[in-house]
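Below is one structure; the comments refer to it alone.
2 protein chains.
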Amino acid sequence: MSAAAANTEGVRVPLTRERAVHAAVQHADVAGLEGLTMRHVAKALNVAPMALYRHVANREDLIDAMIDVVFGEIPLPLGGAAWKPAMRDRALSLREALVRHRWAIGLMESRMRPGPANLRHHDAVIGKLRSAGFDIAMVAHAYSLLDGYIYGFALTRMNMPFDSEAEMDAMAQHMFEPFPANEYPNLAEFVNTHVLKPGYDYAEEFEYGLEVILDGLEAALGTD
Amino acid sequence: MSAAAANTEGVRVPLTRERAVHAAVQHADVAGLEGLTMRHVAKALNVAPMALYRHVANREDLIDAMIDVVFGEIPLPLGGAAWKPAMRDRALSLREALVRHRWAIGLMESRMRPGPANLRHHDAVIGKLRSAGFDIAMVAHAYSLLDGYIYGFALTRMNMPFDSEAEMDAMAQHMFEPFPANEYPNLAEFVNTHVLKPGYDYAEEFEYGLEVILDGLEAALGTD
DNA sequence: CTAGCAGATGTACGCTGTACGCACTGCTTG
DNA sequence: CAAGCAGTGCGTACAGCGTACATCTGCTAG
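Chains as they are written, first to last, in the UniProt record's numbering: chain A, 1 to 224; chain B, 1 to 224.
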């Protein structure tokens, strides 16, 4: 095989920052952030590990770029819609992106080098709120509440990727196993009659809280 | 030096799980989760790295135990107080614990092996809500909203440990540096006139959102 | 044809978690 | 007092990590 990068078809495809970042995102979607190693990303691209360093400064830089990809997937609230549906749509889009890219939860707001999509996103959201009559302090309140809730909800549900109810049930059993029955009666009742109830849907839970927050902000906006 | 562990005074102090976990918590408080290596914890205890494995199954098990220490620092809502002040106190205690132990944010709710303090805590909180008239579905709503907000707020503020305003200002400059001025006017206005304003206090921001959520829950409880 | 150069590579280093087996301790028995 | 035993700490070793550095390769400009 030639020294130059080649894909599986043997056609020469030069490695670029974009290709590297995309491969990294795809890998992290499957293997998580801990499974994201420079060597694995390189292997996915049919390239030597050190080749990546021509296009990214280091692993942190790669992750910064990956986060900006996630921000880029969230539509900007640009239209003339009212602030409330705009914020609701943004919250749902952001949540969907976080579900697609679990590894990004916890990193979205803690990067020291925000990318352009990141800044553009926040600029657009703030602009939407400002033009809807939120003063600066109220923007801060709204943003804290909304993003706190969105990221927090994603975070607390991150490690619950149970597609089937049986899987969920097994996990619950596993967690309670080391403890005597009835030691935690309230928790047991809650888990048994609610979380494990057929048809329980996290997405509905998310939207309930979102409405409470949006209504609370609307009320606060009126009394300002 | 004898084969048995000895502290700096030469008095023999047997290594225990508790001592190991405590040292790990202290180390993580300073060095973060990434800086928490088995070798460093061992060094802090004046012990060989592998000695830890007599008391801890592996690094994950150690972290599980550390998380339970954090849960143990949060007072349980036991008294006869009304649910609202009880939930407010719990939220503030939890937030304080997360500020003390930044490394724990993102791990508190995602452990597959919850410890006894963890389960006791959730049991007590659920019990408080139930005895205040929340039905099971309403408990789920309240818990999702409150914990989502608490953890999310902590998360979005995690990497903002700026004690001084000058430090905050420098960080903001640094983040905007690579971009042309006025490319993000709304964001710039927000950062300059609010975040960098003297006297801006994150704690106040947290409590504002907390009141909105508690009021929203109270209203929903009434109309149920 | 040759020079230069950008990009991919191979090697190597210090770090990590931790499997495995040994060595030492102090207690429990006879 | 001796013997054995269980518990605890240690030393060695290995695979895998991020990445510094020097080298090699193949394209492009003259």
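Note that beta-carbon positions come from the ideal geometry of N, C-alpha and C, so glycine has one too.
Quick check on Ser-93 of chain A - is its C-beta less than 8 Å from some C-beta in chain B?
no
Quick test of your reading: residue 273 of chain B and Tyr-151 of chain A, contact by CB under 8 Å. State the CB separation rounded to the nearest angstrom.
Not covered by the structure: residue 273 of chain B. The range shown for chain B is 1 to 224.
Exposed or buried, Asn-182 of chain B, counting other C-beta atoms within 10 Å across all chains shown (16 or more means buried)?
exposed
Could you check which residue in A:Arg-95, A:Ala-104 and A:Gly-127 has the C-alpha nearest to that of Tyr-202 of chain A?
A:Arg-95
Under 7 Å between beta-carbons, which chain A residues line up against Ala-140 of chain B? List them in chain order, please.
His-194 and Glu-205
Within-8 Å CB hit, Phe-71 of chain A to chain B:
no
Between the CA atoms of Asn-192 of chain A and Val-56 of chain A - distance to the nearest angstrom:
48 Å
So if I threshold CB-CB distances at 7 Å, which residues from the segment 48 to 78 of chain B count as touching chain A?
none
Over what stretch of residues does the alpha helix (DSSP H) that includes Val-194 of chain A continue unbroken?
The amino acid at residue 194 of chain A is misidentified as Val; the sequence shows His. Segment: none, His-194 of chain A is in no alpha helix (DSSP H) and carries neither H nor E.
At what residues does the alpha helix (DSSP H) containing Leu-187 of chain B begin and finish?
185 to 190
Are Ile-105 of chain A and Leu-155 of chain A closer than 8 Å when you measure CB to CB?
yes
How far does the alpha helix (DSSP H) with Ile-67 of chain B in it reach, from first residue to last?
59 to 72
Contacts that Asp-215 of chain A makes with chain B (C-beta to C-beta distance below 7 Å)
Gly-216
Could you say if the segment 204 to 216 of chain A and the segment 117 to 126 of chain A meet the contact criterion of at least three C-beta pairs nearer than 8 Å?
no
Residue-chain proximity (Leu-36 of chain A, chain B), Cβ-Cβ < 8 Å
no
Is it a yes or a no for the segment 25 to 33 of chain A touching the segment 100 to 114 of chain A, going by three-plus beta-carbon pairs under 8 Å?
yes
Do Ala-97 of chain A and Val-70 of chain A count as a contact pair if the criterion is CB distance below 8 Å?
yes
Between Ala-220 of chain A and chain B, is any beta-carbon pair separated by less than 8 Å?
yes
Which residues in chain B sit within 8 Å of Ala-137 of chain A, going by Cβ to Cβ distance?
His-194
Is the Cβ of Gly-152 of chain A closer than 8 Å to any Cβ of chain B?
yes
Compute the beta-carbon to beta-carbon distance between Pro-116 of chain B and Asp-68 of chain B, rounded to the nearest angstrom, for a pair I have assumed lies under 8 Å.
7 Å
Check the Cβ of Arg-130 of chain A against every Cβ in chain B and list those closer than 9 Å, keeping chain order.
Asn-186, Glu-189 and Phe-190
Please state whether DSSP places Ile-105 of chain A in a helix, a strand or coil.
coil
May I have the straight-line CA-CA distance separating Leu-210 of chain B from Tyr-149 of chain B, to the nearest angstrom?
8 Å
In chain B, which residues lie with their C-beta within 8 Å of the C-beta of Pro-114 of chain A?
Met-175
When the Cα of Arg-113 of chain A is compared with those of B:Val-212, B:Ala-140, B:Phe-176 and B:Val-195, which residue comes out closest?
B:Phe-176
Determine, using beta carbons only, whether Asp-169 of chain B comes closer than 8 Å to chain A.
no
Going straight from the alpha carbon of Pro-14 of chain B to that of Ile-74 of chain B, what length do you get?
28 Å
Since Glu-96 of chain B meets chain A, which of its residues come closer than 7 Å, beta carbon to beta carbon?
Near Glu-96 of chain B there are no residues of chain A at all, since even the closest Cβ is about 16 Å away, more than 7 Å.
State yes or no: is the beta carbon of Leu-145 of chain B nearer than 8 Å to at least one beta carbon in chain A?
yes
Would Arg-59 of chain B and Met-38 of chain B be called neighbours here (beta carbons separated by less than 8 Å)?
yes
Just to confirm my understanding: we take Ala-48 of chain A, look at its own chain, exclude 5 residues before and 5 after, and list those with CB closer than 7 Å. What are they?
Ala-42
List the residues of chain A whose Cβ lies closer than 9 Å to the Cβ of Leu-119 of chain B, in chain order.
Met-175, Phe-176, Phe-179, Glu-183, Tyr-184 and Leu-187
With distance defined between alpha-carbon atoms, name the residue in B:Asn-186, B:Ile-213, B:Arg-157 and B:Glu-189 nearest to Arg-100 of chain B.
B:Arg-157
Just the C-alpha distance for Leu-221 of chain A and Gly-127 of chain A, rounded to the nearest angstrom, thanks.
16 Å
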